[in-house]
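Using UniProt numbering, you'd call the opening residue of the sequence shown number 1 and step up by one each time.
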Amino acid sequence: MAGFSQSTPGKPRSAVESIMLLLAAGIGSGVMVLPRAMAAVGPGAMLVLFIGGWLISSVTTWILFSAVTEARRQPETIMSISSRLLSNSMSSHSLVGLISPQAARGLDTPTAREPHDPHALLSPTAATVLERKRSTSVYDFKDRKSSKQTARVVEQAHLPGPSYGDLLAMVWPPSYMTLLDLVLLVHQLLALTVYFLFISEFMAKLPLVSECPSPVVILILAVPASLLAQLESVGGLARLASISPFALLFMMFGVFYRYHYPDSGMAPSDFSTAEPDHEAIPSVMCVAVFSFMWHTNCVTVARELRDPSATCRLFVVLTATTVLLFAYTSLAYFGYETFGQELRKVPTIMMLYSGDDPIFMTVRVLLSCSLFVAIPLNVYPVRESILNQVRFHSSGACFEAAIQRQNYISICLVFVPAILAIVIPSVTEIITVIGGSLVTFLMIVFPVFISELVLPETAVLLLKFLALLVVPSLVAASFKLIGKPF
Numbered sequence: 001m002a003g004f005s006q007s008t009p010g011k012p013r014s015a016v017e018s019i020m021l022l023l024a025a026g027i028g029s030g031v032m033v034l035p036r037a038m039a040a041v042g043p044g045a046m047l048v049l050f051i052g053g054w055l056i057s058s059v060t061t062w063i064l065f066s067a068v069t070e071a072r073r074q075p076e077t078i079m080s081i082s083s084r085l086l087s088n089s090m091s092s093h094s095l096v097g098l099i100s101p102q103a104a105r106g107l108d109t110p111t112a113r114e115p116h117d118p119h120a121l122l123s124p125t126a127a128t129v130l131e132r133k134r135s136t137s138v139y140d141f142k143d144r145k146s147s148k149q150t151a152r153v154v155e156q157a158h159l160p161g162p163s164y165g166d167l168l169a170m171v172w173p174p175s176y177m178t179l180l181d182l183v184l185l186v187h188q189l190l191a192l193t194v195y196f197l198f199i200s201e202f203m204a205k206l207p208l209v210s211e212c213p214s215p216v217v218i219l220i221l222a223v224p225a226s227l228l229a230q231l232e233s234v235g236g237l238a239r240l241a242s243i244s245p246f247a248l249l250f251m252m253f254g255v256f257y258r259y260h261y262p263d264s265g266m267a268p269s270d271f272s273t274a275e276p277d278h279e280a281i282p283s284v285m286c287v288a289v290f291s292f293m294w295h296t297n298c299v300t301v302a303r304e305l306r307d308p309s310a311t312c313r314l315f316v317v318l319t320a321t322t323v324l325l326f327a328y329t330s331l332a333y334f335g336y337e338t339f340g341q342e343l344r345k346v347p348t349i350m351m352l353y354s355g356d357d358p359i360f361m362t363v364r365v366l367l368s369c370s371l372f373v374a375i376p377l378n379v380y381p382v383r384e385s386i387l388n389q390v391r392f393h394s395s396g397a398c399f400e401a402a403i404q405r406q407n408y409i410s411i412c413l414v415f416v417p418a419i420l421a422i423v424i425p426s427v428t429e430i431i432t433v434i435g436g437s438l439v440t441f442l443m444i445v446f447p448v449f450i451s452e453l454v455l456p457e458t459a460v461l462l463l464k465f466l467a468l469l470v471v472p473s474l475v476a477a478s479f480k481l482i483g484k485p486f
């Protein structure tokens with residue numbers, strides 16, 4: 001356990017490593033329902049919806065990457081702004097650079113004049129905490145350089161932050177950061193619960209693990225996952241992250257191979273009713289858009305990009321989203337061409353292949369490994385959000401204590417969803433509905449407002465108008481208010 005805490009946070013990562021981390025965060029359990037979704041609406045409509053998801057994810061991911069880069073170019077400005085927030089010495093007219101007009105107006109309201117942490121726009125990590133001999137208050141970035149007589153550096157690291165919440169606080173009043181952190185916390189805990197359920201379901205079909213009770217499997221998996229979750233940076237998972245795209249590519253190969261060379265144990269195909277079900281388009285739209293969702297980890301990955309130039313950012317974003325577009329389209333199409341409407345009779349395509357098929361036994365193992373890596377990867381931003389809230393709503397001493405005990409926070413963030421998966425194994429549908437509505441905010445709403453940091457006003461207004469058209473439909477479809485399940 002102690003060994004993981006020594007890893008260097010913020011270590012610069014190459015573009016390829018950043019792409020792998022995004023893919024590891026984006027490839028989830030939803031990949032197995034894509035062929036079923038195509039069977040519901042037809043290949044043509046599914047391709048259009050995939051392209052829509054690709055476009056939304058590309059734009060919003062680029063916005064977050066660019067906002068992180070812009071924020072980190074001006075740490076002195078950010079620190080000056082956050083320090084003035086604490087002393088109430090900043091008016092809306094003195095805001096320049098990164099702070100948007102919306103946040104500037106919010107600062108002049110009575111509720112915005114509450115005390116804030118002096119480095120409210122820079123998220124901390126354990127390796128950047130300074131120990132004072134005579135004070136327990138938290139240092140800002142400048143103090144780390146100028147206060148060597150009263151402080152001792154525990155570990156030297158690159159400038160941390162900004163977090164996702166920090167970026168939102170630059171365009172909205174900082175108190176609204178709590179909203180994002182709460183949405184992030186709930187969404188990630190629900191997502192991790194689903195991951196544990198899917199992994200236990202996969203492993204239950206493997207020969208050596210099939211006789212082991214599902215709760216035992218989940219608890220055993222939670223132990224190493226909690227160790228990996230104690231890494232102080234998502235970059236520490238960069239090597240393991242390559243498992244996720246490999247699992248997706250191998251699943252594509254398996255579906256393509258069985259399309260040309262069927263196995264005797266496969267379910268029969270059914271093309272008797274190939275007419276698209278237009279009423280299922282809203283629910284399929286949710287799947288197509290949310291399958292490109294990695295925005296909870298996007299900011300942390302962007303912080304560690306070695307070359308944050310405009311070209312490199314665009315390369316990382318377009319490569320990652322285009323890989324998913326190609327993989328998802330191929331997987332859904334060949335799965336649909338193999339089984340047709342038979343897909344709509346089962347929850348996932350995996351149930352239509354023989355349990356003894358060595359190709360899909362390997363697919364189950366690889367997908368289990370992929371989801372296992374996604375568990376600690378998704379813990380990191382939640383842990384950061386919890387530390388943010390402790391920082392804003394408690395004393396400096398309490399915050400430093402939380403920083404020093406963040407490993408215990410990581411353990412809780414792994415075992416709470418594991419226990420939920422054991423106690424309420426039938427909660428998947430409820431989680432999917434709630435999680436789907438929260439994804440809309442994390443993937444579209446918040447990035448659109450954050451775009452004020454990097455885009456001209458006309459472009460921001462256009463994005464807000466488009467979001468106003470798309471977001472209500474996605475939320476309504478998530479709650480099954482429009483259309484019908486596919």
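For every residue, glycine included, the Cβ atom is placed at its ideal position computed from N, Cα and C.
All values reported here derive from a predicted model rather than from experimental measurement.
Around the beta carbon of Y408, a 10 Å sphere encloses fewer than 16 other beta carbons of the protein chains shown; the residue is thus reported as exposed.
When only Cα atoms are considered, L206 and P35 end up about 23 Å apart.
As computed with DSSP, G340 is found in a beta bridge with D270.
Under the Cβ criterion (8 Å, minimum of three pairs), the region 312-326 does not count as touching the region 462-477. Per DSSP, reduced to three states, the secondary structure at R73 is coil, with no helix or strand assignment. The C-alpha of L377 lies about 43 Å from the C-alpha of S272. Annotation for F415: A222 place their beta carbon closer than 6 Å to its own, counting only its chain and skipping 5 residues before and after.
Distance between E279 and F446, taken at the CA atoms: about 29 Å. The alpha carbon of L228 has as its nearest neighbour, out of V379, E384, L461, the alpha carbon of V379.
Under the three-pair Cβ rule at 8 Å, the region 15-22 does not count as touching the region 256-264. For D166, the uninterrupted alpha helix (DSSP H) segment begins and ends at 164-169. Looking from the CA of P425, the closest CA among L208, R13, P215, I63 belongs to P215. In the structure shown, R239 falls within a helical segment according to DSSP collapsed to helix, strand and coil.
By the criterion of at least three beta-carbon pairs nearer than 8 Å, the region 179-188 is in contact with the region 438-454. Sequence-distant partners of L331 (beyond 5 residues in either direction) whose C-beta falls short of 8 Å from its own C-beta, in its chain, are V31, L34, P35, L248, M251, M252, V255. No Cβ-Cβ contact shorter than 8 Å links L469 with V448.
Within the model, the alpha-carbon separation for D277 versus C286 is close to 15 Å. Contact between S309 and I63 is ruled out by a C-beta separation of about 16 Å, above the 8 Å threshold.
Taking C-beta atoms under 8 Å as the contact rule, L318 and F339 fail to qualify, at a distance of about 32 Å. Pairing A320 with L23 gives a Cβ-Cβ distance under 8 Å.
Its Cα nearest to that of E275, the residue Q341 stands out among F334, T311, Q341. By a beta-carbon distance limit of 8 Å, S368 contacts F202. Their separation comes to about 5 Å.
Closest in C-alpha terms to M170, from the list V68, V217, A302, comes V68. In the structure shown, R36 falls within a helical segment according to DSSP collapsed to helix, strand and coil. With distances taken between CA atoms, L387 lies nearest to S410 out of D263, L343, V373, S410. In this structure T193 touches L420 by the C-beta definition: roughly 5 Å separates them, less than 8 Å.
Listed in chain order, the non-local C-beta contacts of S269 below 7 Å within the same chain comprise T338, F339, G340, E342, local neighbours out to five positions each way being set aside.
For I409, the enclosing alpha helix (DSSP H) stretches over residues 406-423. Bridge pairing for L305: R13 [DSSP]. Separation of the CB atoms of V284 and L466 is rounded to 20 Å, and the pair is thereby denied contact status at 8 Å. Counting every other CB atom within 10 Å of its CB across the protein chains shown gives C398 a total below 16, marking it as exposed.
DSSP places L206 outside any alpha helix (DSSP H), giving it a letter other than H or E.
Residue state for V346 is assigned as coil, using DSSP reduced to three classes. Per DSSP, the unbroken alpha helix (DSSP H) holding L463 starts and ends at 457-478.
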